[in-house]
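Written out below as structure tokens is the structure these notes cover.
As structure tokens, then:
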């Protein structure tokens, strides 16, 4: 069973400011409250296609992710290639940014997740997991806006 979630948010800053936060791929743990900690992985680039990171969602629950498609200041597609302590068989997230004018950006995201759990358990958990995924992506966008605002104040 595939779980999907979509969300979007207007952030009152230019695309370049919003993208600068998203583009710090392995730094997500520094600003997202959904991530306990994050770090770069592999010998590839720090960002762009091939960049890899580890994200510990909560202690002992880790996803290892890779950017598989990348269009600077436009979109980024991320796939989970391995997980620890989580029953994830696949997960894909796509993030898009689009200018709404010189000082506003629409950030949107779509994530799909497949879990390795018995079908009866998946069915029983569907409503709860859908709500949790929606909560996570909404919180991530809120955290993103807060980080863009924090960085803008430092300029």
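Residue numbers (my numbering): 382 to 536.
All C-beta atoms in this analysis are idealised placements derived from N, C-alpha and C, irrespective of residue type, glycine included.
Since this is a predicted model, take the numbers as computed values, not measurements.
Three-way DSSP call (helix, strand, coil) for residue 388 in this model = strand
Extent of the continuous beta strand (DSSP E) to which residue 437 belongs | 433-439
How about residue 430 and residue 448: do their beta carbons lie closer than 8 Å?
-> yes
Bridge partners - residue 486, DSSP secondary structure assignment = 392 and 480
In the DSSP assignment, find the unbroken beta strand (DSSP E) run with residue 524 in it and report its ends.
-> That residue, residue 524, is in no beta strand (DSSP E); its alpha helix (DSSP H) goes 500-535.
Please classify residue 407: does DSSP put it in a helix, a strand, or coil?
-> helix
Residues sharing a beta bridge with residue 382, DSSP | The partner list for residue 382 (beta bridge, DSSP) is empty, contrary to what the question assumes.
Assess, as a yes-or-no matter, whether the region 467-479 is touched by the region 488-499 under the definition of 3 or more beta carbon pairs within less than 8 Å.
-> yes
How would you label residue 535, buried or exposed, when you count the other beta carbons within 10 angstroms and need 16 or more for buried?
-> exposed
Give the DSSP-derived three-state secondary structure of residue 462 in the structure shown.
-> strand
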